[in-house]
Amino acid sequence: MSAEPDIARNLAGRMWAGNATVRRRRALLLVSFLAATAAAGIELKTGVRNLPGPLPAIEHRVPGVEYHINLRSEMFFLVVPRSYDGSEPYGIVAYIDADDAGIIPAGWDRKLEARRLLFIAPQQAGDRQPAARRAGLTVTAVYKLIELLNIDRKRVYVAGLSGGGRVATMLAFRHHDVFTAAIPIGGVDYFRSVKEAGPQGQAGPGGFELGQDTQHKARERVRFVLITGSEDPGRAETADIYRRGFTVDKFKAELIEVPGMGRRACTGTTLEQALAFIEPDVEPGAAPRRPRPATPRTLKAETRTWTLASGWQFDAQLVKIEDESVLVKKDDGKTYRVKLAGLSEADQTYVKEMAAGE
């Protein structure tokens with residue numbers, strides 16, 4: 042067995058020891074290591090990698106987000122739970138780190154796997170980067186995973202640390218069609234000022250503009266969990282935004298204040314508390330309930346070139362036809378489940394013809 046995964050686990054396990062400078066150097070080392078192993082062809086469930094194919098089709102666009110991303114040059118820290126095999130839809134937690142070397146916070150992996158959630162964090166998307174770039178990388182990554190994997194669209198969440206928390210909040214409001222929850226940690230923004238009016242009666246604007254219709258849709262569709270700590274320098278601001286903003290405007294929101302916590306990523310225990318509020322009907326360790334699919338049809342078909350709706354092509358053999366997806370096998374023997382809606386019109390027609398000809 043290769044020693045590379047053990048090295049990565051050791052680096053990740055020590056990630057939060059030492060001061061901020063040491064942690065940042067260790068994070069950069071882990072990212073560099075994983076990128077090198079991925080380039081060498083070593084498969085890691087957890088790793089820094091490119092997302093294959095062209096840019097995904099994004100249904101609608103909103104202000105404050107840079108959508109013109111060169112996907113070939115961007116890297117993402119992706120965690121796919123070991124239990125994921127494509128047979129059940131999983132959710133996503135997209136994370137906007139305060140550092141450019143975005144990684145999964147300590148203790149999150151087990152909590153996410155128990156709730157069948159993937160994790161993805163764009164690289165070079167820290168607090169020193171433009172907010173529009175950070176937002177664009179995050180939305181693009183989510184749409185790409187939806188295109189490539191079996192994703193539960195009702196369980197797509199965005200989280201962020203410090204300035205990343207502010208961007209995550211804005212994304213959840215404006216892209217309520219994509220994200221159904223936001224978890225800002227140590228930093229949150231709002232669309233109007235929550236400060237008391239000054240001597241001249243002026244309270245000032247919020248961090249971003251938001252129309253009445255968008256507010257209404259976000260109020261209906263999105264849940265917010267604001268996380269701060271007793272040692273967080275922004276604790277008072279976060280509490281004010283929660284009480285005078287989210288609560289007054291009747292959003293589905295919760296505030297978690299952690300004793301002794303500064304401006305840093307929360308523990309897995311606190312994350313679980315947030316997820317329990319976001320998805321109370323999901324039992325950790327149990328797959329989200331969905332109707333039982335019809336008995337799949339097993340086929341013997343020749344290898345052919347398939348085309349996704351995005352234009353990305355691959356060669357594979359059709360193995361099974363299911364209610365809403367097909368199972369295909371590539372020449373290396375690996376099988377993949379692809380949603381019918383994600384195929385080109387020509388390939389959808391081919392599948393229908395194969396099903397009718399049985």
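Under this note's numbering, think of the first position of the sequence shown as 42, with each following residue one higher. For each residue, glycine too, the CB sits at the ideal point set by N, CA and C.
Using the beta-carbon count (16 or more within 10 Å), is residue i buried or exposed?
| i | result |
| --- | --- |
| A277 | exposed |
| T210 | buried |
| P97 | buried |
| V289 | exposed |
| D126 | exposed |
| A387 | exposed |
| K195 | exposed |
| R102 | exposed |
| R151 | exposed |
| G270 | buried |
| H109 | exposed |
| E394 | exposed |
| D140 | buried |
Rounded to whole angstroms, what's the CA-CA distance from residue i to residue j? Just pull it up for me.
| i | j | result |
| --- | --- | --- |
| I144 | I224 | 16 Å |
| V392 | Y184 | 24 Å |
| P324 | R156 | The residue asked about is misnamed: residue 324 is Glu in this sequence, not Pro. When rounded, the distance between both Cα atoms is 7 Å. |
| A249 | A147 | With the sequence shown as reference, residue 249 is identified as Phe, and Ala is not the correct amino acid for it. If I take the Cα positions, the gap works out to 31 Å. |
| Y131 | S124 | 10 Å |
| G326 | E154 | 8 Å |
| I161 | K380 | 21 Å |
| W284 | G228 | Note on residue identity: the sequence assigns Arg, not Trp, to residue 284. R284 and G228: Cα-Cα distance of roughly 15 Å. |
| P93 | R113 | 8 Å |
| L251 | A173 | 16 Å |
| R262 | L212 | 13 Å |
| I297 | V360 | 48 Å |
| M116 | N91 | 5 Å |
| W149 | A142 | 17 Å |
| P171 | V89 | 21 Å |
| T390 | A350 | 13 Å |
| E129 | T376 | 15 Å |
| V299 | D364 | 45 Å |
Could you pull the start and end residues of the alpha helix (DSSP H) that residue i belongs to?
| i | result |
| --- | --- |
| R264 | Looking at the DSSP string, R264 is not in any alpha helix (DSSP H); the run it does join, the beta strand (DSSP E), is R264 to G270. |
| D281 | R276 to D281 |
| Y184 | A172 to L189 |
| L312 | G309 to I319 |
| W149 | W149 to A155 |
| R207 | G204 to R215 |
| E386 | E386 to A397 |
I want to see whether chain C comes within less than 7 Å of residue i, judged by CB atoms only; does it?
| i | result |
| --- | --- |
| P300 | Protein chains in the displayed structure number just one, and chain C is not present. |
Short check: CB of residue i to CB of residue j, under 7 Å?
| i | j | result |
| --- | --- | --- |
| I137 | G177 | no |
| R345 | N191 | no |
| F318 | V266 | yes |
| V134 | Y198 | yes |
| G303 | D273 | yes |
| L159 | V121 | yes |
| I362 | A397 | no |
| E107 | G383 | no |
| F287 | A280 | no |
| I268 | I226 | yes |
What are the start and end residues of the beta strand (DSSP E) that includes residue i?
| i | result |
| --- | --- |
| A350 | Per DSSP, A350 belongs to no beta strand (DSSP E) and is neither H nor E. |
| G132 | Y131 to I137 |
| F160 | L158 to P163 |
| T376 | T376 to K380 |
| A222 | A222 to I226 |
| V367 | S366 to K370 |
| A166 | Unbroken run through A166: none, as it is neither H nor E. |
Do the stretch 351–371 and the stretch 204–221 touch if we need at least three Cβ pairs shorter than 8 Å? No, the stretch 351–371 is not in contact with the stretch 204–221.
Hey, is the stretch 179–195 in contact with the stretch 299–312, meaning 3+ C-beta pairs nearer than 8 Å? At 8 Å Cβ cutoff, the stretches do not touch.
Is the stretch 167–178 touching the stretch 192–207 in the sense that three or more CB pairs, one from each, lie closer than 8 Å? Counting Cβ pairs under 8 Å, three or more are found: they touch.
At least three beta-carbon pairs within less than 8 Å, the stretch 353–366 to the stretch 255–265: By the criterion of at least three beta-carbon pairs nearer than 8 Å, the stretch 353–366 is not in contact with the stretch 255–265.
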